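Mind the numbering: the sequence shown is residues 1 to 181 in the working numbering, read in order.
Have a look at the structure below before the remarks.
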Amino acid sequence: MKNPLILACSAAALVAVAACNSAEREAAAPAPDNESVAVANVADNVAAPAPVDLATIMHDRHENYEEMGKAMKGISDQLKADAPALDTIRRNAALIASYGPQIPTWFPQGSGPESGRRTRAKAEIWSDPETFRVRAQAFQAESARFERIVQGGDVEAIRAAMPALGTSCKNCHDRFRAPER
Ligand code: ASC
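Rendered as structure tokens:
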């Protein structure tokens with residue numbers, strides 16, 4: 001009798017070819033450690049158990065945004081203080097700048113409202129990916145710029161740069177984040 005894997009592959013449609021290929025890849029190599037890649041391929045992996053945990057991805061994404069929000073508050077609190085602690089501002093700016101480039105990887109296909117899970121991520125993230133990409137990119141650039149200014153250590157310059165950073169958060173939220181409920 002034929003190898004059942006080959007039989008399954010030859011009998012199946014185009015989609016399943018990818019599944020068979022990835023099944024073979026997974027047999028030969030360790031599972032990819034990049035969750036977003038794994039999720040992006042979820043539809044292709046029907047024949048193989050995909051290393052996907054949507055709940056974890058969505059939970060971690062939420063935590064990351066919470067951390068960024070707290071970091072923003074940590075900075076603005078310092079800027080209101082009589083003697084702003086630059087080390088606190090630096091730490092918070094570094095967190096925001098390090099998360100900036102990661103944001104596009106936090107939204108794998110399937111992790112929106114159609115997941116049935118609680119999320120404020122709007123379907124527009126996936127239906128208008130170009131706008132999402134552009135705004136995420138703008139935030140990344142702004143957070144990097146902000147961190148450079150923070151490294152300069154001039155509190156007035158940091159204060160002056162803060163509104164643009166907040167606006168680049170807001171630009172994405174206005175279009176891609178559903179209201180709190
Ligand atoms: C923040 C924060 C945001 C943005 C936004 C700016 O500090 O958590 O989402 O700034 O409120 O308007």
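Every residue, glycine too, gets a C-beta built ideally from N, C-alpha and C.
Quick caveat: nothing in here was measured; it's all calculated off a predicted structure.
- R177 carries a strand assignment under DSSP once its states are collapsed to helix, strand and coil.
- Secondary structure of A83 (DSSP, three-state): coil.
- Pairing R135 with N171, the inter-Cα distance amounts to about 7 angstroms.
- In this chain, E114 is not harboured by any alpha helix (DSSP H), its DSSP state being neither H nor E.
- Each of D128, F107, E130, T131 was checked against the Cα of A121, and the nearest Cα belongs to F107.
- Shown here, A141 sits in a helix according to DSSP, grouped into three states.
- Of the candidates S143, D154, E180, S143 places its Cα closest to the Cα of T167.
- About 6 angstroms separates the beta carbon of E124 from that of R175, a gap short enough to meet the 8 angstroms contact definition.
- Classified as buried, S111 has 16 or more neighbouring CB atoms from the shown chains inside 10 Å of its CB.
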